[in-house]
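For reference, the structure is listed below as structure tokens.
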Amino acid sequence: MRLSHALPALLLAAFAGPALATDSLESCLDRLQPQARAAGIGEALFREHTRGLASDPSVLEALDYQPEFRTPIWDYLAGLVDQERVDDGLARLQEHAALLKRIESEYGVDPATVVAVWGVESDYGRTFGSKSLLRSLATLSCAGRRQDFFRGELFALLTLIQSGDLSATNLTGSWAGAFGHTQFMPSTYARIAVDGDGDDRRDLVGSVPDALASTANYLKRSGWRTGQAWGHEVDLPAGFDTSVNGRTTRRPLSSWRSRGLVRADGGPLPTDDRAAALLLPAGPQGPAFLVFRNYDAIYSYNAAESYALAIALLAERLRGNEGLRASWPTDDPGLSRAERRELQQRLVDLGHDIGPVDGMVGKLTREALAREQARLGLPADGRAGRRALDALRAASPAPSE
1142 MRLSHALPAL LLAAFAGPAL ATDSLESCLD RLQPQARAAG IGEALFREHT RGLASDPSVL
1202 EALDYQPEFR TPIWDYLAGL VDQERVDDGL ARLQEHAALL KRIESEYGVD PATVVAVWGV
1262 ESDYGRTFGS KSLLRSLATL SCAGRRQDFF RGELFALLTL IQSGDLSATN LTGSWAGAFG
1322 HTQFMPSTYA RIAVDGDGDD RRDLVGSVPD ALASTANYLK RSGWRTGQAW GHEVDLPAGF
1382 DTSVNGRTTR RPLSSWRSRG LVRADGGPLP TDDRAAALLL PAGPQGPAFL VFRNYDAIYS
1442 YNAAESYALA IALLAERLRG NEGLRASWPT DDPGLSRAER RELQQRLVDL GHDIGPVDGM
1502 VGKLTREALA REQARLGLPA DGRAGRRALD ALRAASPAPS E
């Protein structure tokens, strides 16, 4: 669950001001203390957990960049719905089968969807985020856009610490304050999190049962309909009017059937007349999807089409279904995480310092790749796609182990 759940894409603009000085942050937090008291946070606890915090300029810079909105969808999905994540998810389904069955019985959300959220949000608990939540939320409460929103999140986090649900020790997460196995924002944690293991605490950091049950509870409260599909990949007939698309442009299924839409896998569309919307995430030349109410529940977790499709498509793979049948409209497809690690290792072997070889394409990887692309006479865009990897393979020996 990322900041886009609360911030529309149009508000994700660059923060152009200077970094907040430590003394300014301290002064700001001093001014916030009465608001914290009004929110029920003890003065001693507030000062204990905010005293001495230094501002973090990197979280202000991050307001300008979220991969869900900036990365081509074929790159985004290639890294999130790869065979590695599918295999790991299948193992988690087996490992937690009894727990997931109980969660489905209580909340009505199927195991594959719950595990898909877990896989996309934290790679099944491997990557919670490395930012200090208190430092990030304090910084965002006092500088940049949406300070009121982030103050609410800071107060929610302190309330969770005060109640004993969370320990402040080593509490880390995303730059925007999302944390735990399924990356809840603190206010969402306070409203939605449940005790899934019966220990009278809601611990989405240390308890897989709490995290997965809370995720199912979130989807249920977002309108999840038990037993229904999120949607289907569909084929469009020749001459179809593709202007009739978008998540909020809903028509009865009978209307879509009358227009000639059929499932891409040859299966039947539902026979009822529920409302459905047509998605063309890469335009009329790419894959097409008819989506139902459960897609909206997934979308509410993080308001980006690419994110919601990642969850939905990973869940399909975890159910044993095939991947997409239609191809994305590109001759330079995205890379799986294994391929990204290979690309990074080749850059390291060429002498570039990019940090860890982890399959996460960040600033250092993009800059190093752009330098190699320029050296090879290619457009130096720093994009880690198939063409770039093939060029590195052709220009260098096999990467070291």
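According to our numbering, the sequence shown is numbered sequentially starting from 1142.
Where a beta carbon is used, it is the ideal one built from N, C-alpha and C, also for glycine.
From a predicted model like this one, the values you see are computed outputs, not experimental measurements.
Contact check, residue i vs residue j, beta carbons under 8 Å
i	j	result
Ala-1423	Thr-1389	no
Ala-1357	Ile-1244	yes
Ser-1477	Glu-1262	no
Ala-1449	Leu-1221	no
Thr-1367	Gly-1249	yes
Pro-1393	Asp-1414	yes
Glu-1294	Ser-1328	yes
Ala-1297	Ala-1331	yes
Pro-1425	Thr-1383	yes
Phe-1320	Val-1346	yes
Gly-1496	Glu-1508	no
Gln-1303	Ile-1439	no
Ala-1453	Tyr-1442	no
Arg-1400	Leu-1410	no
Val-1258	Thr-1310	no
Gly-1364	Arg-1434	yes
Leu-1299	Phe-1187	yes
Asp-1548	Ser-1277	Nothing can be reported for residue 1548, as the shown portion of the chain is limited to 1142 through 1542.
Own chain partners of residue i with C-beta closer than 8 Å, once the 5 adjacent residues on each side are dropped
i	result
Asp-1229	Gly-1260, Asp-1264, Tyr-1265
Val-1227	Leu-1455, Arg-1458, Leu-1459
Glu-1483	Leu-1530, Pro-1540
Ser-1537	Arg-1487, Asp-1490, Leu-1491
Arg-1391	Ala-1416, Ala-1417, Ala-1418
Gln-1176	Arg-1292, Phe-1296
Ala-1511	Ala-1521, Asp-1522, Gly-1523
Ile-1333	Phe-1325, Ser-1355, Asn-1358, Tyr-1359, Arg-1362
Gly-1305	Arg-1342
Leu-1377	Thr-1383, Gly-1401, Leu-1402, Pro-1425, Ala-1429
Arg-1404	His-1373, Glu-1374, Val-1375, Asp-1376, Leu-1410
Classification of residue i by the beta-carbon crowding that lies within 10 angstroms, buried from 16 upward
i	result
Gly-1500	buried
Arg-1267	exposed
Ala-1529	buried
Lys-1504	exposed
Ala-1157	Its pLDDT being 32, under 50, Ala-1157 is placed unreliably in this model, and the coordinates cannot settle the point.
Arg-1362	exposed
Ser-1199	exposed
Gln-1235	exposed
Leu-1151	Any reading at Leu-1151 must be qualified, since the residue scores a pLDDT of 26, below 50, and its modelled position is unreliable; no value is offered.
Glu-1189	exposed
Leu-1546	The structure shown does not extend to residue 1546, since the chain spans only 1142 to 1542, so no value can be given for it.
Thr-1254	buried
Lys-1272	buried
Arg-1466	exposed
Pro-1149	Note that Pro-1149 scores a pLDDT of 30, beneath 50, so its modelled location is shaky; the value from the coordinates is reported in the next line. Flag for Pro-1149 reads exposed.
Pro-1520	exposed
Ala-1232	exposed
Gly-1270	buried
Ala-1238	exposed
Ala-1154	In this prediction, Ala-1154 has a pLDDT of 29, which is less than 50 and means its spatial position is unreliable; nothing more can be read from the coordinates.
Ala-1515	exposed
Ser-1447	buried
Asp-1494	exposed
Gly-1337	buried
Cβ-based neighbour list, residue i, same chain, cut-off 6 Å, excluding 5 preceding and 5 following
i	result
Phe-1430	Gly-1372, Glu-1374, Leu-1420
Pro-1159	Unreliable positioning characterises Pro-1159 in this predicted model, as indicated by a pLDDT of 42, which lies under 50. The coordinate reading is nonetheless provided below. Answer for Pro-1159: no residue qualifies.
Leu-1402	Val-1375
Leu-1312	Leu-1274
Pro-1470	Ala-1423, Gln-1426, Gly-1427
Asp-1216	Gly-1475
Ala-1180	Phe-1296
Ala-1535	none
Beta-carbon contacts of residue i that lie in its chain and below 7 Å, excluding the five residues immediately before and after
i	result
Asp-1473	Gly-1526, Arg-1527, Arg-1528
Ala-1279	Leu-1166, Leu-1170, Thr-1191, Leu-1194, Leu-1295
Val-1385	Leu-1419
Leu-1301	Leu-1307, Pro-1327, Tyr-1330, Ala-1331
Glu-1513	Leu-1488, Leu-1491, Leu-1533
Glu-1184	Gln-1174, Arg-1178
Asp-1251	Glu-1245
Glu-1480	Leu-1530
Ser-1168	none
Along the chain, which unbroken stretches of the beta strand (DSSP E) at least 3 residues long are found entirely within the region 1352–1415?
-> Taking only runs of at least 3 residues, the beta strand (DSSP E) segments lying wholly in the region 1352–1415 are 1372–1376, 1391–1393.
Where are the alpha helix (DSSP H) runs, 4 residues long or more, that stay fully inside the region 1417–1503, in chain order?
-> Fully enclosed alpha helix (DSSP H) runs of 4 or longer: 1434–1442, 1446–1459, 1478–1490.
Three or more C-beta pairs closer than 8 Å, one from the region 1459–1471 and one from the region 1479–1495: is that the case here?
-> Under the Cβ criterion (8 Å, minimum of three pairs), the region 1459–1471 does not count as touching the region 1479–1495.
Sequence ranges, alpha helix (DSSP H) only - wholly within the region 1236–1286, length at least 4 | If we require 4 residues or more, the alpha helix (DSSP H) runs fully inside the region 1236–1286 come out as 1238–1248, 1252–1263, 1274–1283.
Contiguous alpha helix (DSSP H) assignments of at least 4 residues, all confined to the region 1174–1220 | Correct list: 1184–1191, 1198–1203, 1208–1211.
Counting only runs that start and end within the region 1293–1343, where is the alpha helix (DSSP H) found for 4 or more residues in a row?
-> The qualifying runs are 1327–1333.
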